[in-house]
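Participant: To start, I am sharing the structure in question, which I have written as structure tokens.
Numbering (UniProt numbering), first residue to last: 1 to 233.
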């Protein structure tokens, strides 16, 4: 039976990018992001096959029973909150090289940043550059990621696989919605309430409407900025 490893908690930007690159190498073994009430933290979990190299600088071994008592984060279809507005999405260089040539060319035209990390220089490609900060790979009509739809879940950026809004969760076959949170000296308390199917769907619809309002406001703001910068005749 394979062991479960979770990413250590984030630090500074250069370390975080280094950790993400190591996580991207294990992307196909990603099993989910969980919130542990006991540890008061998110657990980004991977279960690689025995013999797979795991960088223990950025990963720590975790008892799988801890995941079973935790809330697993869910990204419900039709929401799109993290993709539509101010997504902040990006891809790592080692992820870009695994995409088809035409997508690599598309990404070369995107804003880039080279970051010196403990593991060497990493280039990140910013893809949250669509209208309102929308990810360029998000299909607003279908409300889904085009990379995942065409090439599978492993084609998605590692940051998109592991980060969640934390509003929607599941545990022991039941659905939960987050009702609040509290920052403490030793972690973050997140509060969840069990809900039925109708309430779950209603929450998704509310989130989708909120997302669209945010996206429209951001598009309007950008348009006003562009108009203000245009020379007046």
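Glycine residues also receive a C-beta, built at the ideal position from the N, C-alpha and C atoms.
If you're wondering where the values come from, they're calculated on a predicted model, not measured in any experiment.
Measure the C-alpha to C-alpha separation of residue 221 and residue 84 and round it to an integer number of angstroms.
Facilitator: Between residue 221 and residue 84, the C-alpha separation is close to 15 angstroms.
Participant: Select from 229, 109 and 82 the residue whose C-alpha is nearest the C-alpha of residue 133.
Facilitator: Comparing Cα-Cα distances from residue 133 to each of 229, 109 and 82, the minimum goes to 82.
Participant: I'd like the span of the beta strand (DSSP E) that includes residue 26, first residue to last.
Facilitator: Note, residue 26: premise wrong, no beta strand (DSSP E); not H, not E.
Participant: In this structure, how does DSSP classify residue 143 when only helix, strand and coil are distinguished?
Facilitator: Three-state DSSP puts residue 143 in coil, outside helix and strand.
Participant: According to DSSP, what are the bridge partners of residue 65?
Facilitator: BP columns for residue 65 are empty, so no partner.
Participant: Tell me whether residue 48 is buried or exposed, calling it buried when 16 or more other Cβ atoms sit within 10 Å of its Cβ.
Facilitator: Under this definition residue 48 is a buried residue.
Participant: Can you tell me the Cβ-Cβ gap for residue 73 and residue 32, rounded? I've got them flagged as a contact below 8 angstroms.
Facilitator: With a Cβ gap of about 7 angstroms, residue 73 and residue 32 count as contacting.
Participant: Could you tell me which residues DSSP puts in a beta bridge with residue 72?
Facilitator: Looking at the DSSP assignment, residue 72 forms a beta bridge with 34 and 170.
Participant: What does the alpha-carbon distance come out to for the pair residue 117 and residue 100?
Facilitator: So the alpha carbons of these two residues sit roughly 27 angstroms apart.
Participant: Hey, how far is the Cα of residue 79 from the Cα of residue 149?
Facilitator: Rounded to the nearest angstrom, the two C-alpha atoms are 16 angstroms apart.
Participant: Between which two residues does the alpha helix (DSSP H) harbouring residue 81 extend?
Facilitator: Here the alpha helix (DSSP H) through residue 81 covers 81-84.
Participant: Between the segment 55-73 and the segment 202-214, do three or more beta carbon pairs fall short of 8 angstroms?
Facilitator: No, the segment 55-73 does not touch the segment 202-214.
Participant: Looking at the strands, I want to know which residues DSSP matches up with residue 44.
Facilitator: For residue 44, which the question treats as bridged, DSSP gives the partners 33.
Participant: Given a cut-off of 8 angstroms, decide if residue 28 and residue 163 are closer than it, judged by their beta-carbon atoms.
Facilitator: No, they are not a contact pair.
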